[in-house]
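The sequence shown begins at 172 in my numbering and counts up one residue at a time.
By construction, the Cβ of each residue, glycine as well, lies at the ideal position given by its N, Cα and C atoms.
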Amino acid sequence: MANFEHVKASFWGAGTYGVQPPLTDALIHQAEELLSVDLPPELLELLRLRNGGPVSDAWSAFPTQRPTSWSPDHVPFTDLHGIGHDGHATTLLNSPYLTTEWDLPPRLVLLSGDGHYWIALDYRTQHEPCVTWFDTDLEAELHLAADFRTFIEGLMPAEDLAG
């Protein structure tokens with residue numbers, strides 16, 4: 172398991188799809204107001220380096236203890252949504268619409284996904300969100316990590332996993 176500073180130093184991958192303009196305090200405030208949450212400080216640290224986009228291959232998967240529709244031993248984490256309104260890419264600000272569209276529980280902030288699955292900050296039971304995998308096709312969910320930092324520190328290369 173890597174520490175947060177190690178992951179942060181090489182978190183972002185190549186490519187610009189989904190990258191929003193640089194994060195500002197005003198955008199953070201707007202997002203937290205719209206979503207009615209306090210976003211984790213580690214998430215904001217990553218988004219201040221680059222406001223969304225592809226994740227490095229070194230951090231592209233999160234191992235699981237049970238199979239998912241994606242793999243027998245992990246879920247993908249190939250991109251992280253930023254905060255903004257630029258372009259057609261999904262951002263954290265789309266979470267209220269997308270949770271309704273995909274019939275997901277309330278109080279989620281969608282970090283990554285394509286509609287058939289989502290990885291989300293899950294604020295349903297506490298102020299400090301856990302991280303949860305949602306499979307919309309199978310109507311299943313899987314707890315991944317107690318908090319965002321633990322999730323980030325648990326990421327690893329998908330190629331190191333079996334599935």
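message: Could you check whether Val-226 and Glu-324 sit closer than 8 Å to each other, using their CB atoms as the reference points?
response: Judged by their CB atoms, Glu-324 and Val-226 are not nearer to each other than the 8 Å cut-off.
Integer-rounded CB distance, given that Asp-306 should sit under 8 Å from Tyr-288: Right, the Cβ-Cβ distance comes to about 5 Å (below 8 Å), so this counts as a contact.
task: Take Ala-329 as the anchor and find which of Leu-282, Asp-228, Trp-273 and Glu-272 has the nearest alpha-carbon.
output: For Ala-329, the nearest C-alpha among the options comes from Asp-228.
field: Nearest neighbour of Tyr-268, chosen from Ala-197, Pro-243 and Val-280 [CA to CA]
entry: The candidate whose alpha carbon is nearest that of Tyr-268 is Val-280.
field: Residues that His-259 bridges to, as DSSP identifies them
entry: DSSP output for His-259 lists no bridge partner at all.
message: Quick test of your reading: Thr-303 and Ala-291, contact by CB under 8 Å. State the CB separation rounded to the nearest angstrom.
response: With 8 Å as the limit, Thr-303 and Ala-291 qualify as a contact, their Cβ atoms being about 6 Å apart.
- request: Compute the distance between the beta-carbons of Leu-251 and Leu-215, then report whether it is under 8 Å.
  value: Taking a C-beta distance under 8 Å as the contact criterion, Leu-251 and Leu-215 do not qualify as a contact pair.
field: Helix, strand or coil at Tyr-294 according to DSSP, with G and I counted as helix
entry: Three-state DSSP puts Tyr-294 in coil, outside helix and strand.
task: Rank Leu-315, Thr-249 and Gly-284 by C-alpha distance to the C-alpha of Asn-133 and give the top, closest one.
output: The displayed coordinates of the chain run from 172 to 334. Any statement about residue 133 would go beyond what the structure contains.
query: Mind checking whether Asn-222 and Gly-255 have CB atoms under 8 Å apart?
result: Yes.
query: Where DSSP assigns a beta bridge to Ala-232, which residues make up the other side?
result: BP columns for Ala-232 point to Pro-247 and Met-327.
query: Among all the DSSP beta bridges, which residues are the ones paired with Tyr-288?
result: Per DSSP, Asp-306.
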